[in-house]
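So the structure is just underneath, and the comments pick up after that.
Residue numbers (this note's numbering): 80 to 267.
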């Protein structure tokens, strides 16, 4: 991935004020990096409507409806792994952590169905605040480029993307959220 693209996006981000300005530029960056789909999601609070968690996203046709209808959020290995993760990780690496889980077969079925909808592989990056997990940035699709160090800029700058999406999101007041530093290489 060309680091210059990310630096240009971050410079533009400071000048943009609205969601309508930010999202097309973010999607252009993802397209240039080879990612077809993405989601900027915040963590739910107790008794919160799960449909309001997506701050921004682009998914395959029909996938969100299938995901909700089949209640994949309960068994999705990436979401379950996210609860323990300190750093970003690859989607396909999560199944190993649930080898002996009673829902293993259903997890595998979900991953197969996701691939059938164009979600072959991707990455998910947790965003932590002082009180724990605030949300995540996930990117993926058919051909996300994963050359060594290629995904590192996304990992290092995910906080800016999530906070900007939250800042411009109409339904939430997340602009003043304070982030916690997890490690020196995680701070961006």
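All C-beta atoms in this analysis are idealised placements derived from N, C-alpha and C, irrespective of residue type, glycine included.
Since residue 205 is in the beta strand (DSSP E), which residue starts that stretch and which ends it?
Unbroken beta strand (DSSP E) run through residue 205: 200-208.
If distances are taken between C-alpha atoms only, which option among 202, 212, 208 and 194 comes closest to residue 142?
For the residues 202, 212, 208 and 194, the minimum Cα distance to residue 142 belongs to 194.
Closest by CA to residue 118, which one among 212, 164, 204 and 169?
Minimum Cα distance to residue 118 is reached at 204.
Mapping the DSSP letters down to three states, classify residue 183 as helix, strand or coil.
In the structure shown, residue 183 sits in a helix (DSSP, three-state: H, G or I).
Rounded to whole angstroms, what is the Cα-Cα separation between residue 190 and residue 85?
For residue 190 and residue 85, the distance between alpha carbons rounds to 29 Å.
According to DSSP, is residue 97 helix, strand or coil?
Three-state result, residue 97: coil.
Below 7 Å CB to CB, which residues in the same chain sit around residue 122 once its five sequence neighbours on both sides are set aside?
Only 212, 213 and 214 meet the Cβ criterion.
Tell me residue 121's beta-bridge partners as DSSP assigns them.
The partner list for residue 121 (beta bridge, DSSP) reads 214.
Indicate the three-state DSSP secondary structure (helix, strand or coil) for residue 52 in the structure shown.
The requested residue 52 is not part of the displayed model; the chain covers only 80 to 267.
What residue range is occupied by the uninterrupted alpha helix (DSSP H) comprising residue 159?
156-161 is the span of the alpha helix (DSSP H), which, as asked, contains residue 159.
Measuring alpha carbon to alpha carbon, tell me which of 160, 164 and 165 ends up nearest residue 174.
Out of 160, 164 and 165, 160 has the C-alpha closest to the C-alpha of residue 174.
Per DSSP, what kind of secondary structure is residue 132 in: helix, strand or coil?
DSSP places residue 132 in coil when its eight states are reduced to three.
Secondary structure at residue 171, three-state DSSP: helix, strand or coil?
Three-state result, residue 171: helix.
Name the DSSP bridge partner or partners of residue 220?
Answer by DSSP bridge pairing, in chain order: 200.
With DSSP as the reference, identify every bridge partner of residue 137, one or two as the case may be.
Paired residues: 117.
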